[in-house]
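In the working numbering, the protein residues as written are 160 to 537.
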Ligand SMILES: NC(=O)c1ccc[n+]([C@@H]2O[C@H](COP(=O)([O-])OP(=O)(O)OC[C@H]3O[C@@H](n4cnc5c(N)ncnc54)[C@H](O)[C@@H]3O)[C@@H](O)[C@H]2O)c1
Ligand SMILES: [Zn+2]
């Protein structure tokens with residue numbers, strides 16, 4: 160099954176995700192928020208809507224959404240959670256579910272996640288377990304969530320033992336990505352999200368990577384190239400999800416840079432020292448360098464991949480993380496905790512070149528730790 164086509168209509172890019180009775184469309188484009196009320200009305204004419212959002216998004220983007228639902232005559236309520244990764248925890252699921260029950264959200268109603276990946280993952284999980292599953296709509300407002308977390312149905316929260324260890328697969332009924340919402344997103348967050356766009360090219364599509372190389376400046380400036388970049392990244396991810404919804408194989412390629420990245424996020428306490436996308440950028444650079452070390456990837460290919468990330472301003476080395484020096488042993492301990500570790504053997508996504516990632520099982524932990532130590536002292 161190929162990746163879905165991008166279909167343009169009314170200035171919006173539409174990507175159809177085909178998953179049988181769980182199929183849905185991702186719509187992407189400027190000014191979409193004002194049309195969401197009407198779109199939801201035609202999708203589910205009788206549904207009431209519970210918006211779940213965080214304080215930053217509510218302040219920057221909330222009014223437009225509430226107006227749009229109001230104009231379409233949709234009964235709605237707003238549940239606001241604190242911003243930040245710390246919100247992605249089990250207690251917060253209880254809080255959100257409790258508020259959804261108070262609002263009498265039922266099976267025919269909709270829960271609408273309005274925010275970044277934190278709000279999307281938390282809200283999708285809450286919707287997935289409320290009354291054994293109510294419909295949910297994703298309105299991602301960060302670049303990361305528009306290209307990555309809102310597509311594919313993985314939802315959940317973090318545990319003390321590691322990231323994303325508690326969750327369910329729960330596909331949205333629709334995704335509305337308003338590219339105008341990105342205008343209030345802090346620049347650092349936009350850049351971090353771009354790491355997931357580059358990831359799509361680096362893992363499986365050298366021609367997309369070439370296009371990104373040519374259009375990088377205009378993607379960062381906004382406009383049509385930005386919409387196209389988001390749509391192409393969504394379509395590529397949707398293609399992978401269609402072929403492997405529950406990550407039995409190919410979907411694991413989307414974890415390129417994430418095993419190293421999660422290790423780095425863990426040792427920096429999931430704090431503002433290192434945003435998720437920054438960890439992924441460093442992790443992808445490490446995956447390419449590790450692939451070179453293992454004789455799997457030519458040096459110049461790895462160098463081109465890393466140079467692309469560097470040109471955007473993303474970090475590509477552990478030493479670029481601000482604050483106290485990190486220890487290879489601590490990073491390794493965190494990597495072992497990661498859910499991708501099976502019976503002591505490490506699974507990494509490595510690359511034979513740009514667009515040629517593959518799943519490497521049975522990677523030797525001792526060798527990886529030596530590599531990390533060499534990376535830190537380099
Ligand atoms: N489910 C998946 O498949 C998947 C995939 C990738 C990442 N994730 C998860 O996504 C999370 C990261 O998501 P994120 O990077 O979107 O972070 P985030 O949700 O924390 O948002 C980043 C910051 O930007 C603010 N913000 C969001 N949109 C804004 C806007 N339009 N204007 C102003 N401020 C805005 C938020 O309040 C927050 O402070 C991580 O928890 C990660 O594990 C999930
Ligand atoms: Zn990610």
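Glycine included, C-beta positions come from ideal geometry on N, C-alpha and C.
Next item on the list: For residue 420, count neighbouring C-beta atoms within 10 Å of its own C-beta (all shown protein chains included) and say buried if the count is 16 or more, exposed if not.
Entry: Here residue 420 is taken as the residue at index 261 of the chain shown, counted from 1. Here residue 420 is buried, its C-beta having at least 16 other C-beta atoms within 10 Å.
Item checked: Chain-order list of residues whose beta-carbon lies under 7 Å from that of residue 330 (same chain, five-residue window excluded) -> Along the chain shown, read from residue 1 onward, the residue named residue 330 stands at position 171. These residues qualify, in order along the chain: 178, 181, 183 and 312.
Notebook entry, point to check: At a cut-off of 7 Å, is residue 439 close to ligand 2 when judged by its beta-carbon and the heavy atoms of the ligand?
Noted result: Position 280 of the chain shown holds residue 439. Residue 439 Cβ: within cutoff of ligand 2.
Check: For ligand 1, any of its heavy atoms closer than 7 Å to the Cβ of residue 435?
Finding: As a working note, residue 435 is residue 276 in the chain shown. Yes.
Checklist line | Separation of residue 327 from residue 292, as counted between CA atoms | finding: Here residue 292 refers to the residue found at position 133 of the chain shown. Here residue 327 refers to the residue found at position 168 of the chain shown. C-alpha of residue 292 to C-alpha of residue 327: approximately 10 Å in a straight line.
Next item on the list: For my contact list, residue 470 and residue 362 are in at a C-beta cut-off of 8 Å; report their separation, rounded to the angstrom.
Entry: The sequence position of residue 470 within the chain shown is 311, counting from 1. The sequence position of residue 362 within the chain shown is 203, counting from 1. Incorrect: roughly 19 Å between the Cβ atoms, too far for contact.
Margin query: Please determine whether the Cβ atom of residue 337 lies at a distance below 7 Å from any heavy atom of ligand 2.
Written below: Your numbering for residue 337 matches position 178 in the chain shown. No; taking the cut-off as 7 Å, the Cβ of residue 337 has no heavy atom of ligand 2 nearer than that.
Check: So, helix, strand or coil for residue 377, using DSSP?
Finding: Numbered from 1 along the chain shown, position 218 holds the residue referred to as residue 377. If DSSP states are grouped into helix, strand and coil, residue 377 belongs with the helices.
Checklist line | residue 376 to residue 357 span [Cα, whole Å] | finding: As a first step, residue 376 must be located in the chain shown, where it is residue number 217. As a first step, residue 357 must be located in the chain shown, where it is residue number 198. A straight-line Cα-Cα distance of about 14 Å links residue 376 and residue 357.
Check: residue 515 lies in the alpha helix (DSSP H); which residues open and close that run?
Finding: Looking up residue 515 in the chain shown gives position 356. Annotation: residue 515 is outside any alpha helix (DSSP H) and is labelled neither H nor E by DSSP.
Notebook entry, point to check: If you check the beta carbons only, do residue 187 and residue 393 fall under 8 Å apart?
Noted result: The residue you call residue 187 lines up with position 28 of the chain shown. The residue you call residue 393 lines up with position 234 of the chain shown. If you check the CB distance, residue 187 and residue 393 come in under 8 Å.
Item checked: Assumed close pair residue 233, residue 208 - CB separation to whole angstroms, cut-off 8 Å -> As a working mapping, residue 233 is identified with position 74 in the chain shown. As a working mapping, residue 208 is identified with position 49 in the chain shown. That pair is a contact at about 5 Å.
Check: Taking just the CA atoms, how far does residue 336 sit from residue 213?
Finding: For the purposes of this step, residue 213 is taken as the residue at position 54 of the chain shown. For the purposes of this step, residue 336 is taken as the residue at position 177 of the chain shown. Approximately 17 Å, taken between the alpha carbons.
Notebook entry, point to check: For residue 193, which option in 387, 221 and 204 has the closest C-alpha, if you only look at C-alpha atoms?
Noted result: Within the chain shown, numbered from 1, the residue matching residue 193 stands at position 34. Checked all of 387, 221 and 204; the closest Cα to residue 193 is 221.
Check: For residue 167, which of helix, strand or coil comes out of DSSP?
Finding: Within the chain shown, numbered from 1, the residue matching residue 167 stands at position 8. Here residue 167 sits in strand by DSSP.
Check: Are the beta-carbon atoms belonging to residue 219 and residue 343 less than 8 Å from one another?
Finding: If you number the chain shown from 1, residue 219 lands on position 60. If you number the chain shown from 1, residue 343 lands on position 184. It is a contact, given that the beta carbons lie within the stated cut-off.
Next item on the list: Under the assumption that residue 176 contacts residue 401 (Cβ atoms under 8 Å), give the Cβ distance between them as a whole number of angstroms.
Entry: Along the chain shown, read from residue 1 onward, the residue named residue 176 stands at position 17. Along the chain shown, read from residue 1 onward, the residue named residue 401 stands at position 242. Taking C-beta atoms under 8 Å as the contact rule, residue 176 and residue 401 qualify, at a distance of about 7 Å.
Checklist line | CB contact flag (residue 446, residue 508, <8 Å) | finding: Indexing the chain shown from 1 puts residue 446 at position 287. Indexing the chain shown from 1 puts residue 508 at position 349. Yes. Within cutoff.
Next item on the list: Give the range of the alpha helix (DSSP H) segment to which residue 577 is assigned.
Entry: As displayed, the chain neither begins before 160 nor continues past 537, which places residue 577 out of reach and without an answer.
Item checked: Cα-Cα separation between residue 162 and residue 390, rounded to whole angstroms -> Residue mapping note: residue 162 aligns to position 3 of the chain shown, counting from 1. Residue mapping note: residue 390 aligns to position 231 of the chain shown, counting from 1. C-alpha separation (whole angstroms): 11 Å.
Note to self: On the CB-based measure, 16 or more other CB atoms within 10 Å of its CB, does residue 287 come out buried or exposed?
What the structure shows: The count along the chain shown starts at 1 and reaches residue 287 at position 128. Classification of residue 287: buried, given that the 10 Å Cβ count is 16 or more.
Checklist line | Cut-off 7 Å between Cβ atoms - residues of its own chain near residue 166, not counting five sequence neighbours on either side | finding: By 1-based counting over the chain shown, the position of residue 166 is 7. For residue 166, the CB contacts under 7 Å within the same chain, skipping 5 residues up- and downstream, are 173 in chain order.
Checklist line | residue 316 versus residue 323 - alpha carbon distance | finding: Within the chain shown, residue 316 is the residue found at index 157, counting from 1. Within the chain shown, residue 323 is the residue found at index 164, counting from 1. Approximately 5 Å, taken between the alpha carbons.
Check: Leaving out the 5 sequence neighbours to the left and right, which residues in its chain are closer than 6 Å to residue 534 when beta-carbon positions are compared?
Finding: Residue numbering aside, residue 534 sits at position 375 when the chain shown is read from its first letter. Excluding positions up to five away in sequence, the list reads 477.
Next item on the list: With a threshold of 16 other CB atoms inside 10 Å of the CB of residue 474, please say whether the residue is buried or exposed.
Entry: The residue you call residue 474 lines up with position 315 of the chain shown. With 16 or more other Cβ atoms within 10 Å, it is buried.
Notebook entry, point to check: residue 190: buried (16+ other C-beta within 10 angstroms of its C-beta) or exposed?
Noted result: Residue numbering aside, residue 190 sits at position 31 when the chain shown is read from its first letter. Residue 190 should be labelled exposed.
Notebook entry, point to check: Quick one: is the Cβ of residue 220 within less than 7 Å of any heavy atom of ligand 1?
Noted result: Your numbering for residue 220 matches position 61 in the chain shown. Under cutoff, so the answer is yes.
Item checked: Assumed close pair residue 294, residue 259 - CB separation to whole angstroms, cut-off 8 Å -> Sequence index remark: in the chain shown, residue 294 carries index 135 (1-based). Sequence index remark: in the chain shown, residue 259 carries index 100 (1-based). Between residue 259 and residue 294 the Cβ distance is about 12 Å, and since that is not below 8 Å, they are no contact.
Next item on the list: Starting from the Cα of residue 436, find the closest Cα among 251, 224, 285 and 480 and give me that residue.
Entry: Here residue 436 refers to the residue found at position 277 when the chain shown is read from its first residue. Among 251, 224, 285 and 480, the Cα nearest to that of residue 436 is on 480.
Check: Taking the continuous alpha helix (DSSP H) assigned at residue 200, which residues delimit it?
Finding: Along the chain shown, one-based indexing puts residue 200 at 41. Residues 192-202.
Item checked: Beta-carbon spacing of residue 271, residue 210 below 8 Å -> Looking up residue 271 in the chain shown gives position 112. Looking up residue 210 in the chain shown gives position 51. For the pair residue 271 and residue 210, the CB atoms are nearer than the 8 Å cut-off.
Checklist line | Proximity test, residue 355 beta-carbon vs ligand 2 heavy atom, cut-off 7 Å | finding: Looking up residue 355 in the chain shown gives position 196. Remark: the shortest separation between the CB of residue 355 and any heavy atom of ligand 2 falls under 7 Å.
Check: Do the stretch 277-285 and the stretch 236-254 touch if we need at least three Cβ pairs shorter than 8 Å?
Finding: With the cut-off at 8 Å, the stretch 277-285 and the stretch 236-254 touch.
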